[in-house]
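Residue numbering for the sequence shown follows numbering that gives the first Met the number 0, beginning at 0 and increasing consecutively.
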Amino acid sequence: MEQKMTVLATPTQPAAIQPEPAMGSEFKPEMTAIVSAVKSGPDLQDSLQSAFTTFNRISNQLTTSYHELEQRVGELQSALAETDRERISQHSARELLADRLDVIVSAIPVGFILLDGRGVVVKANSLARTLLSDDILHTKWIDVINQCFSRQPPDGHELLLKSGRLVSVVTQSLNSEPGQIIVIADQTETRVLQNKLNHSRKLSDMGRMTASLAHQIRTPLSTAILYADHLASPQLEEARRLKYANKLKQRLQHLEQQVRDMLIFSKSGVVLKDNLSLGQIMSVIQAQAEDVKIQRQCQIDFADSIPAGSVRCNVELLTSAFSNLFENASEACRDAGIQAHILLRLKKPENGLIEFLVSDNGPGLSAEAEQVTEPFFTTKATGTGLGLSIVRAVVEAHGGTFDISNRPEGGACAQINLPVEQCNNASQGAFQ
């Protein structure tokens, strides 16, 4: 039965605009061709055959596109699954690394503390909690300092805990994020062992010192006895009596210096009982230098400008060390036939240290300069060789360092660095 197809749009009325299909739009020309074949073919059977052929071709294309789409979806699902596996693997690796780091941090022989950007303790290993407190987690570090650290300055660069233990503290900021790492090392046993080792060395050196002192004491003692015998003579003139009395005093002072050096060198520990400003220390050193100036007939000057700050010290031992430096410099100048001119000045404190500089106009140090601070080393015909080793021992007992070297313009310069506590005042001016 023949059917007729009519068009819904009239020439005077435009067809309504239809939205573009979401799928299959690429097959619209083929569908139009099917309709045209059915509509315009002279023979209905040929038209249908052509339409079915076109339809089969379109169907095959749809099937192929579906398989391609299905394959693409499978590939995307495989890629997604691989990504998930990698993410899970990376997460597991990070967890494993974190666990290993926790084991390492717990096993290292130092205290480990991690602060966040607010300065709050977010992690602490067992040793840190043992040294400080079990409840330091989630506590501000400033509160931990006030709770666990002593305000009493220790002997040296270590910090003293309220428990009595000595620790060293190293801090490191986190580069990529706010926060800080704090490493605390217990130095108590190390300090005890170091003190024992130093004491053993000093005891060993005492044996060598005994033989040296036997000769050094015998000579001035014999001379002192001779002067005393002269003083006992009733026929001695007053002028000679005064001369012998001065000679006797000089010999006895020499004996006193020998014994004092021996006692300082043999001490196993030094108590830093004084806390003096730099101005006070310089005043004591200046008073002590007056005796050296009179005895050695030398000039000793002091720089007027004194930085602000205070030093925990044993003032008797410290001034004795500077007296040794003055005497050593004056003797070196005298042996070279030079009128000694010695200058003591201070440099502005840096990194918690104050530097004392004692310079002279002497001949400087010889090629054997590296040994001048060793016990019993001397280039003189007399003397125990303890002078500069006494200086080093006293300075190190104060937690400082000692060095001596030649100056480019001539003479030698001794450098003493001591821990200093900063004050608010910019300068203390002249001696106080």
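Backbone N, C-alpha and C fix where the C-beta goes; we use that ideal spot for every residue, glycine too.
From a predicted model like this one, the values you see are computed outputs, not experimental measurements.
>> So, with DSSP's three-state summary, where would you put T82?
In response: helix
>> Check this for me: beta carbons of P418 and G351, under 9 Å apart or not?
In response: yes
>> On the criterion of 16 or more Cβ atoms from any shown chain inside 10 Å, does V390 qualify as buried, or is it exposed?
In response: buried
>> Taking the straight line between their C-alpha atoms, what separation do you get for T372 and N197?
In response: With a pLDDT of 49 at T372, under the threshold of 50, the modelled position of this residue cannot be trusted; read the value that follows with caution. Each residue's alpha carbon lies about 15 Å from the other.
> Is it buried or exposed for Y226, if we count other Cβ within 10 angstroms and need 16 for buried?
Replying inline: buried
> With a CB to CB cut of under 8 Å and the five nearest residues on each side skipped, what residues in its chain are close to E237?
Replying inline: none
>> What does the Cβ neighbour count give for F401, buried or exposed, with the cut at 16 atoms within 10 Å?
In response: buried
> Using CA coordinates, which residue listed in F54, L317 and N145 is at the minimum distance from N274?
Replying inline: L317
> Roughly how many angstroms lie between the CA atoms of V269 and V310, to the nearest whole one?
Replying inline: 15 Å
> Using the rule of at least 16 other Cβ atoms within 10 Å of the residue's Cβ for burial, across every protein chain shown, is H397 buried or exposed?
Replying inline: buried
> Taking the alpha-carbon positions, what's the E420 to Q193 distance?
Replying inline: 25 Å
> For the beta strand (DSSP E) that K346 lies in, which residues bound it at each end?
Replying inline: H340 to E349
> Do the region 320-331 and the region 351-366 meet, that is, are 3 or more Cβ pairs less than 8 Å apart?
Replying inline: yes
> Buried or exposed: where does I141 fall if 16 or more other Cβ atoms within 10 Å of its Cβ makes it buried?
Replying inline: exposed
>> Please identify the residue among M281, Q89, G178 and S203 whose C-alpha is closest to the C-alpha of L114.
In response: G178
> alpha helix (DSSP H) containing N327: first to last residue?
Replying inline: V314 to D334
> Of the choices S46, T63 and N124, whose alpha-carbon is the least far from that of I180?
Replying inline: N124
> Can you name, in chain order, every residue of its own chain whose Cβ lies under 8 Å from the Cβ of L364, other than the five neighbours on each side?
Replying inline: V371, I403, S404, N405 and A411
> If L254 and L230 are in contact, beta carbons under 8 Å, what's the gap, nearest whole angstrom?
Replying inline: Their Cβ separation, rounded to whole angstroms, is 17 Å, which puts L254 and L230 out of contact at 8 Å.
>> Check this for me: beta carbons of I112 and I144, under 9 Å apart or not?
In response: no
>> Distance check for Q285 and Q296, CA to CA, integer angstroms please.
In response: 15 Å
>> If distances are taken between C-alpha atoms only, which option among K195, L47, T187 and R239 comes closest to L159?
In response: T187
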